[in-house]
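Visitor:
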Amino acid sequence: MTWTAQLTYTAPGLTLEQRADIAAELDANVAYDEAAGHLKLTFETEGATLRQASDSALHAAGAAVSAVARGAVQTRRGRLLVMPTEEFIAEAAHPTRLDLIGLREIADQFGVSRQRAHQLTQLKTLPGGQLGFPEPVSTPASGPIFTQTSVDEFRRRWERTKKPQGGRPPRAAPGTDVEHGGAPAQPTRRRDSAAAR
1 MTWTAQLTYT APGLTLEQRA DIAAELDANV AYDEAAGHLK LTFETEGATL
51 RQASDSALHA AGAAVSAVAR GAVQTRRGRL LVMPTEEFIA EAAHPTRLDL
101 IGLREIADQF GVSRQRAHQL TQLKTLPGGQ LGFPEPVSTP ASGPIFTQTS
151 VDEFRRRWER TKKPQGGRPP RAAPGTDVEH GGAPAQPTRR RDSAAAR
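Under the UniProt record's numbering, the letters of the sequence shown match residues 1 to 197, in that order.
#1: Is DSSP giving residue 100 helix, strand or coil here?
#2: Express the C-alpha separation of residue 86 and residue 128 in angstroms, rounding to a whole number.
#3: Report yes or no: do three or more beta-carbon pairs, one from the stretch 2-18 and one from the stretch 32-43, lie closer than 8 angstroms?
#4: Just to confirm, are residue 5 and residue 45 a CB contact at a threshold of 9 angstroms?
#5: Who are the near neighbours of residue 118 in its chain, counting only those whose CB is closer than 8 angstroms to its CB and skipping five residues on each side?
#6: DSSP three-state call for residue 37: helix, strand or coil?
#7: Given this structure, state the Cα-to-Cα distance separating residue 82 from residue 26, to the nearest angstrom.
#8: Could you please give the first and the last residue of the uninterrupted alpha helix (DSSP H) stretch that includes residue 121?
#9: Please report how far the alpha carbon of residue 96 lies from the alpha carbon of residue 122, in whole angstroms.
#10: Would you give the residue range spanned by the alpha helix (DSSP H) that residue 78 belongs to?
#11: Less than 6 angstroms between C-beta atoms, sequence neighbours within five positions excluded: which residues of the same chain meet that for residue 61?
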């Protein structure tokens with residue numbers, strides 16, 4: 001039975017020639033994100049069962065990537081997807097519709113300006129080493145396009161960093177009145193000792 005496998009690797013620094021060698025070795029479709037160092041391989045494999053097809057795909061891809069990298073490029077295998085080739089072709093012909101948004105929608109949803117929305121999309125990491133803004137799925141001339149799901153996940157993490165749980169409240173700046181919302185403290189008049197009597 002013929003199956004189609006998709007494997008992803010983290011492989012920063014792969015050259016165009018190396019990617020071509022991997023494609024030729026596996027007779028695979030190769031997609032590579034140079035900025036993130038993500039490699040995606042799509043190719044056919046044989047197997048009587050899903051387990052056999054998965055094992056065959058992992059072995060073939062691992063051998064091809066290792067032979068090309070030769071230790072000069074550090075690689076790490078990520079996701080594996082295996083399905084009957086007939087199903088893969090049918091899904092490719094009728095892809096799931098993605099809910100896509102741009103900077104204007106991001107600005108509206110976050111309640112910020114478009115300039116601030118653009119700044120948020122440039123965040124690579126959040127406090128605590130959390131993942132930053134997701135990568136766009138496309139970057140046409142009109143601006144980057146993101147999936148709504150990935151933006152929602154980022155917003156959840158982003159808002160959590162804005163509202164830390166527990167801990168001491170922030171210290172007020174010198175000369176401010178905490179009881180009056182941070183307004184400048186009003187000087188208190190010293191009462192004359194004679195008037196106080």
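C-beta: ideal position from N, C-alpha, C; glycine also.
Guide: This is what the structure holds:
#1: One-based indexing of the sequence shown puts residue 100 at position 100. The answer is strand: DSSP assigns residue 100 an E or B state.
#2: Residue mapping note: residue 128 aligns to position 128 of the sequence shown, counting from 1. Residue mapping note: residue 86 aligns to position 86 of the sequence shown, counting from 1. Near 44 angstroms, if we compare the C-alpha coordinates of residue 86 and residue 128.
#3: yes
#4: Position 5 of the sequence shown, counted from the first residue, corresponds to residue 5. Position 45 of the sequence shown, counted from the first residue, corresponds to residue 45. Going by C-beta atoms, residue 5 is nearer than 9 angstroms to residue 45.
#5: Taking the sequence shown and counting its residues from 1, the one referred to as residue 118 is at position 118. Answer for residue 118: 103, listed in chain order.
#6: Stepping through the sequence shown from its first residue, residue 37 is reached at position 37. In this structure, residue 37 counts as coil in the three-state DSSP scheme.
#7: If you number the sequence shown from 1, residue 82 lands on position 82. If you number the sequence shown from 1, residue 26 lands on position 26. Going from the Cα of residue 82 to the Cα of residue 26 covers about 15 angstroms.
#8: As a working mapping, residue 121 is identified with position 121 in the sequence shown. 114-121 is the span of the alpha helix (DSSP H), which, as asked, contains residue 121.
#9: Within the sequence shown, residue 96 is the residue found at index 96, counting from 1. Within the sequence shown, residue 122 is the residue found at index 122, counting from 1. Distance between the alpha carbons of residue 96 and residue 122: 27 angstroms.
#10: If you number the sequence shown from 1, residue 78 lands on position 78. The continuous stretches of alpha helix (DSSP H) do not include residue 78, which lies in the beta strand (DSSP E) extending over residues 76-84.
#11: Taking the first residue of the sequence shown as 1, we reach residue 61 at position 61. Cβ neighbours of residue 61 beyond the five flanking positions: 7, 41.
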